[in-house]
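Residue numbers (full-length UniProt numbering): 1 to 407.
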């Protein structure tokens, strides 16, 4: 016997009919992953007209220059096209004051709903976290004060694209170690720390401790201040492909600290105060990130995201790159935490420009919040059931969203 339908089942059914009407070639509603796409007018997005849409347009235009390819999400049944060629071409000549008209003219808005969730509130809620670019102290060589290396990408690391596999390799692994003509799983964090890379372990810079390295790896990039005053930016350059485990979550589930009010400063401070336990918890995160020195960005620019362009604080979103193309706009409707304990409304248009191993699912995002301790304080607290609305490009000069349309 099927389970009883929840109170929003009629709305979901109506959304399905509307989506089919907008896409007459579809056999069912538009879907991405587990999410169903419910058409919604721009006028129904609270705060859309008052947002700084010119800032979102600038981020969108920057991403257009990368020309990202298709993603697995577009190949799934009933998935809409995310081809951004037409809106990218149109964006080139749009003045800042024309941003609102541009997005409404070239995109259709769709609320992401997850009809298989039991609770009605969970069907419309996604999950938004935050990340930032840390500023750390370091040294160009090992010293007693800076004994922990940030490693360059090894030459035997093979990164796998979404959906790509290698013979004999667990499909869940996202990287491999090249061994002649064969491929093997890449060593996990504990093995790398114990010397598994041998001479392939090439330090770029040296950090204060394993906690600073963990923060750098979790955030994906950072600025390192050297003793002579220079600041060096370390950028993401691959990972070992092992599953990511949140050390902060291990601290909470182990009963060491409560989730309520768990800031970055608090859990990293706890790790430093408990070095024996910290070593074990950090090594339980098998994922390991490698870096490169990125000296090609102007002063004041954010770090490069997965799309290859500098991130914009408050406007760049990390998404599941197996489902979404870089450049796709999202409207977020949720709350931002205040380090003093309050919250402020978050109603903002952002652009998919990055990804992360922990960002999985259609209504899951990680908002880039900037550089330094203040951004880190907000990022560490951001865990919000934000509602996601995706802006998908109209195809054929304003027609329906043609699924699988060719670029």
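Glycine residues also receive a C-beta, built at the ideal position from the N, C-alpha and C atoms.
If you're wondering where the values come from, they're calculated on a predicted model, not measured in any experiment.
DSSP, read as helix, strand or coil, puts residue 374 in helix.
Under DSSP, residue 137 takes part in a beta bridge, and its partners are 225. Under a 10 Å Cβ-count criterion, residue 268 is classified as buried, with 16 or more other Cβ atoms of the shown protein chains found around its own Cβ.
In the DSSP assignment, residue 35 falls within the beta strand (DSSP E) that extends over 35-39.
Listed in chain order, the non-local C-beta contacts of residue 294 below 6 angstroms within the same chain comprise 233, 235, local neighbours out to five positions each way being set aside. Pairing residue 348 with residue 47 gives a Cβ-Cβ distance under 9 angstroms. When the Cα atoms are used, residue 331 and residue 391 turn out to be separated by approximately 8 angstroms. Using a Cβ distance threshold of 9 angstroms, residue 63 and residue 351 count as a contacting pair. Classified as buried, residue 304 has 16 or more neighbouring CB atoms from the shown chains inside 10 Å of its CB. With a cut-off of 8 angstroms on Cβ pairs, the region 125-139 is in contact with the region 211-220, counting three or more such pairs. Short of 8 angstroms from the beta carbon of residue 76, and not among the five residues preceding or following it, lie these beta carbons of its own chain, in chain order: 31, 32, 33.
Looking at the DSSP output, residue 383 bridges to 129. Residue 363 is positioned such that its CB atom lies closer than 9 angstroms to that of residue 388.
Closest in C-alpha terms to residue 52, from the list 360, 346, 86, comes 346. DSSP places residue 354 within a strand segment (E or B) once states are collapsed to three. Looking at the DSSP output, residue 329 bridges to 351.
DSSP places residue 60 within a helical segment (H, G or I) once states are collapsed to three. Distance check between residue 334 and each of 177, 366, 325, 374 places 366 closest, using alpha-carbon atoms only.
For residue 232, the enclosing beta strand (DSSP E) stretches over residues 231-239. Under the three-pair Cβ rule at 8 angstroms, the region 168-183 does not count as touching the region 247-266.
DSSP places residue 293 in the uninterrupted beta strand (DSSP E) bounded by 289-293. In the DSSP assignment, the residues bridged to residue 32 are 35. If the five residues before and after residue 212 are omitted, its C-beta is found closer than 6 angstroms to the C-beta atoms of 136, all from its own chain and listed in chain order.
Apart from the 5 residues on each side of it in sequence, residue 322 sits with its Cβ closer than 7 angstroms to the Cβ of 71, 72, 73, 162 in its chain, given in chain order. By the neighbour-count criterion, in which 16 or more other beta carbons inside 10 Å mark a residue as buried, residue 238 falls on the buried side. Under DSSP, residue 366 shares a beta bridge with 129, 318. If you check the CB distance, residue 166 and residue 176 come in under 9 angstroms.
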